[in-house]
Amino acid sequence: MSQTIRLHGLETDSIVDGIGYRVAIFTQGCHRNCEGCHNPGSHNPAGGLEWSLDEIEKKFSGNPLLDGITLSGGEPFLQPAPCAELARRAHAKGLSVWVYSGFTYEELQRWAQRDEDVKALLGECDVLVDGPFVLAERSLDLLYCGSRNQRVIDLKRTRQEGKVVLFTPPEW
């Protein structure tokens, strides 16, 4: 397993990429080229910078205020092995793991049957925001996603109940 990953960027103090205070990790590489993508610089798989997983782990270690990490992109499932390892390391620290993907949950489930790394990453996700961004479905009223076709899936409950369960934010 690679001990490096190609990233477009990293934010150590995100409050918009999932619930709570998070480190947002933006992977490099996405073939979808969604019209209106908020991160088009992440599309070229040869772009960005190579980071060691240890260096990234330092960014989400030692901060008692941190709630979790978010893997976004680009497309995290195009680098599933290092993303799964980062998710494992985050879970070992008691942090939650959110993943944004242009693939639907159903597509990822089918892919996971053929690819152990995809299966591992999917298994480490607590919450999955799935589906491509569709400009015609764009809405500023949605929580944690950009277009109406996307879902915010509580994967822990989905695995427990055997059907897709949407994430419900806590009452503030």
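According to our numbering, the residues represented by the sequence shown are 1 to 172, in order. We put the beta carbon where it would ideally sit given N, CA and C, even for glycine.
Beta-ladder partner(s) of residue i, from DSSP
{"i": "R22", "result": "S14, G68"}
{"i": "T4", "result": "S52"}
{"i": "L128", "result": "V99, I153"}
{"i": "A147", "result": "Per the sequence presented here, residue 147 reads as Ser, with Ala not at that position. Paired residue(s): R138."}
{"i": "G47", "result": "Per DSSP, none; premise fails for G47."}
{"i": "L122", "result": "L122 is not bridged to any residue."}
{"i": "T158", "result": "For T158, which the question treats as bridged, DSSP gives no partner whatsoever."}
{"i": "T27", "result": "L7"}
{"i": "R166", "result": "In the sequence as presented, Arg is not what sits at residue 166; that position holds Leu. Answer by DSSP bridge pairing, in chain order: I153."}
Beta-carbon separation (whole angstroms), residue i vs residue j, contact threshold 8 angstroms
{"i": "Y100", "j": "S72", "result": "4 angstroms"}
{"i": "S14", "j": "Q28", "result": "At roughly 18 angstroms, the Cβ-Cβ gap does not stay under 8 angstroms, so S14 and Q28 are not in contact."}
{"i": "D67", "j": "S96", "result": "6 angstroms"}
{"i": "C30", "j": "G74", "result": "5 angstroms"}
{"i": "L7", "j": "K59", "result": "11 angstroms between Cβ atoms; not a contact."}
6 angstroms Cβ shell around residue i - same chain, five flanking residues per side excluded
{"i": "R32", "result": "G102, P132"}
{"i": "L143", "result": "none"}
{"i": "F167", "result": "V127, V152, D154"}
{"i": "A147", "result": "At residue 147 the sequence reads Ser, which differs from the Ala that was named. So the list reads F133, V134, E137, R138, once near-sequence residues are dropped."}
{"i": "L140", "result": "none"}
{"i": "G47", "result": "Q28"}
Spatially closest choice to residue i from the options, by CA coordinates
{"i": "G62", "options": "P40, G48, G94, H38", "result": "G94"}
{"i": "G36", "options": "V164, E11, E75, V134", "result": "V134"}
{"i": "T12", "options": "T4, I25, Q3, I19", "result": "I25"}
{"i": "Q150", "options": "A90, E137, K59", "result": "E137"}
{"i": "L128", "options": "K58, G74, W98", "result": "W98"}
{"i": "D17", "options": "F77, T70, K163, G162", "result": "T70"}
{"i": "V23", "options": "G162, G48, A87", "result": "A87"}
{"i": "D115", "options": "Q79, A46, G47", "result": "Q79"}
{"i": "H91", "options": "P169, P40, E57", "result": "E57"}
Beta-carbon proximity list for residue i, same chain, < 7 angstroms, skipping 5 on both sides
{"i": "A84", "result": "D117, A120, L121, E124"}
{"i": "E171", "result": "none"}
{"i": "W51", "result": "T4, I5, L7"}
{"i": "R89", "result": "E57"}
8 angstroms Cβ shell around residue i - same chain, five flanking residues per side excluded
{"i": "L65", "result": "Y21"}
{"i": "V165", "result": "I153, D154, R157, T158"}
{"i": "L108", "result": "F77, S101, V118, L122, L128, D130"}
{"i": "D54", "result": "Q3"}
{"i": "H38", "result": "F133, G146"}
{"i": "C34", "result": "G102, P132, F133, V134, L135"}
{"i": "Q160", "result": "none"}
{"i": "Q113", "result": "K119"}
Any C-beta of chain D under 7 angstroms from that of residue i
{"i": "E35", "result": "The structure shown contains no chain D; it holds only a single protein chain."}
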